[in-house]
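Contents: one structure, followed by commentary.
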Amino acid sequence: MEGVGELATKMLVIVGPTGVGKSALAMRLAREFDGEIIGADSRQIYRLMSIGTAKPTEADRVAVPHHLVDIIDPNERYSLALFLRDAQDAIHNAKITPIRLPIVVGGTGQYVWGLLEGWQVSSTKPNAKLRERLELRAEYEGVGALYEDLRRLDPEVAARVDGRNPRRVIRALEIFHSTGDDARADVNRVEERPRKIPPDYDALILGLTMERRALYERIDERIDAQIAAGWLAEARELRERGYGLAGSKRGMAALSGLGYGELMRHLDGEMPLTDAVQRIKYRTHRYARQQYAWFRLSDERIRWLEAPLRDAVFTRLIEDVREWLRS
RNA sequence: GGAGGGAUGGGAGAGUGGCUAAAUCCACCAGACUGUAAAUCUGGCGCCCGACGGGCUACGCAGGUUCGAAUCCUGCUCCCUCCA
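In the numbering used here, the protein residues as written are 1 to 327.
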């Protein structure tokens with residue numbers, strides 16, 4: 001057991017709902033322990049979308065190396081599999097040359113646990129054309145029709161897929177079709193791979209939390225501040241560059257994030273700004289709630305800290321981390 | 001002063017004699033989640049009970065009609081629009 005500890009890659013992980021102050025804590029710890037920050041955030045990856053995604057500031061990024069932020073354009077696609085690859089690379093690189101402590105920080109639960117638990121993801125890549133076709137069919141005939149297909153083609157997979165969730169059913173069909181009709185030989189089939197292979201990480205997972213009401217207030221204040229900081233102009237700029245809502249009803253993945261869609265609809269004259277902002281606040285509340293489903297207060301792996309971190313607590317944390325690094 | 005319209009659950013808003021504790025949306029609470037994840041999907045959401053069943057209280061207020069009313073009638077209160 002001692003040997004494993006020596007070999008394992010030590011890293012810090014900071015999780016918690018949106019707006020609790022994960023980034024700020026990450027910066028303090030990075031400074032303290034000569035760390036590199038690795039974003040586990042599915043929205044900060046997009047260039048040109050900074051205010052709305054509450055990206056780390058330029059100053060912070062100069063002071064501490066950040067990874068997985070600003071890596072693709074808004075019209076490009078990203079996914080769990082890509083994140084896993086990129087994050088693993090970033091962690092690996094932090095451990096060579098000037099050795100630094102990787103600090104994974106982000107609110108995207110799927111990314112965080114996928115990385116820490118070593119999820120084995122199907123290698124079947126997204127097939128945009130197929131998805132579009134199936135989505136259209138789901139809309140006209142209902143998800144039920146697609147699910148029927150799946151049941152007919154691959155009952156085993158169908159049994160473990162949520163037949164009411166179009167995204168899931170479509171992905172399952174996508175995997176099925178990518179390998180031809182002989183699904184039996186498909187090494188990509190979900191149940192024929194190990195679900196997860198625990199990576200050799202020794203992660204100290206820190207969770208930041210806050211009483212619900214206070215969190216909502218803080219979120220609302222932050223959104224007002226983002227608007228004041230020019231979020232609307234950023235949305236307009238995005239649209240002018242061609243990354244707008246136009247075309248497909250839902251637009252590109254980047255715009256499915258909180259706020260940008262609402263702001264663009266306001267720019268299109270569909271609703272007053274105050275309504276758009278209120279909608280953003282509510283959606284963000286809901287998002288924060290969802291995050292608690294990934295990061296449970298009862299999860300023993302997470303060391304939870306009460307959000308406005310008191311100095312004494314921070315000092316204590318520094319000591320504990322230092323000791324943990326030595327162990 | 002006159003003529004109309006309206007008051008429904010935290011909010012918006014259906015319902016116009018029984019199928020209604022009351023559609024739907026939002027808020028809120030909970031859950032799922034393995035290449036779209038800030039996405040997508042699911043459940044709950046008056047109160048109480050040993051709760052796949054039952055009880056109580058509910059649609060501005062008070063009374064009435066009816067076997068039965070959020071729904072019909074009367075009065076009252078408040079709100080809105082138009083005329084003066």
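Note that beta-carbon positions come from the ideal geometry of N, C-alpha and C, so glycine has one too.
Under the DSSP definition of a beta bridge, which residues are partnered with residue i?
i	result
VAL13	VAL104 and ILE205
PRO67	Correcting the residue type first, residue 67 is His in the shown sequence and not Pro. Bridge partners of HIS67: ILE38.
TRP304	GLY207
ILE72	TYR46
TRP119	LYS196
Starting from the C-beta of residue i, find all residues in its chain whose C-beta is less than 8 Å away, skip the five residues before and the five after it, and write them out in chain order.
i	result
ARG303	LEU204, ILE205, LEU206 and GLY207
ASP182	Reliability fails at ASP182, whose pLDDT of 43 lies under 50, so the model's placement of it is uncertain and no value is given.
VAL143	GLY163, ARG164, ASN165, PRO166 and VAL169
ILE91	THR9, MET11, ILE38, PRO102, VAL104 and TYR201
LYS129	none
ASP86	HIS67, LEU68 and ILE71
ARG131	ILE170 and GLU174
Take the Cβ of residue i as the centre, count every other Cβ of all protein chains shown within 10 Å, and call the residue buried at 16 or more, exposed below.
i	result
GLN44	buried
GLU300	exposed
THR274	exposed
THR315	exposed
ALA228	exposed
ARG322	exposed
LYS125	exposed
VAL13	buried
ILE96	exposed
GLY269	exposed
ARG218	buried
VAL161	buried
ARG155	It should be pointed out that residue 155 corresponds to Pro in this sequence rather than to Arg. With fewer than 16 Cβ atoms within 10 Å of its Cβ, PRO155 is classed as exposed.
ALA214	exposed
VAL313	exposed
LEU317	buried
Within the same chain, show all residues whose beta-carbon is closer than 6 Å to that of residue i, passing over the 5 residues directly before and after it, in chain order.
i	result
PRO17	ALA288 and GLN291
SER248	Its pLDDT being 49, under 50, SER248 is placed unreliably by the model, and the measurement read from it follows with that caveat. For SER248, where only same-chain residues beyond five positions count, there are no Cβ hits under 6 Å.
MET210	VAL20 and ALA307
GLN226	ILE51
SER23	PRO56
GLY257	ARG43
LEU255	GLY261
SER178	THR124
ALA94	GLU36, ARG100 and PRO102
ASP220	LYS281
THR53	ARG43 and GLN44
LEU305	LEU208
ALA138	LEU146 and PRO166
For a quick check, are the C-beta atoms of residue i and residue j less than 7 Å apart?
i	j	result
ALA8	ASP200	yes
ARG77	ALA235	no
PRO102	GLU36	yes
LEU48	LEU238	yes
TRP140	VAL169	The sequence given here places Tyr at residue 140; Trp does not occur at that position. Contact flag unset, no.
HIS67	ILE99	no
GLN120	PRO194	yes
ILE51	GLY230	yes
GLY370	LYS196	Since the first residue of the chain shown is 1 and the last is 327, residue 370 is not available in this structure.
ASP34	GLY106	no
PHE83	TYR46	no
SER122	ILE71	no
LEU173	LEU150	yes
GLY114	LEU80	yes
GLY109	TRP294	yes
Looking only at its chain, what residues have a beta carbon closer than 7 Å to the beta carbon of residue i, apart from the 5 residues adjacent to it on each side?
i	result
MET27	ASP60 and VAL64
ARG310	none
MET271	ARG265
LEU232	LEU263
ARG279	GLU262
VAL277	ILE223 and ILE227
TYR216	HIS285
DSSP on residue i, reduced to helix/strand/coil?
i	result
TYR292	helix
TYR260	helix
ARG184	Bear in mind that the predicted position of ARG184 carries a pLDDT of just 44, short of 50, making it too unreliable to give a figure here.
ILE96	coil
TRP324	helix
ILE45	coil
LYS129	helix
LYS22	helix
LYS281	helix
VAL169	helix
VAL161	coil
SER79	coil
LEU297	coil
GLY114	helix
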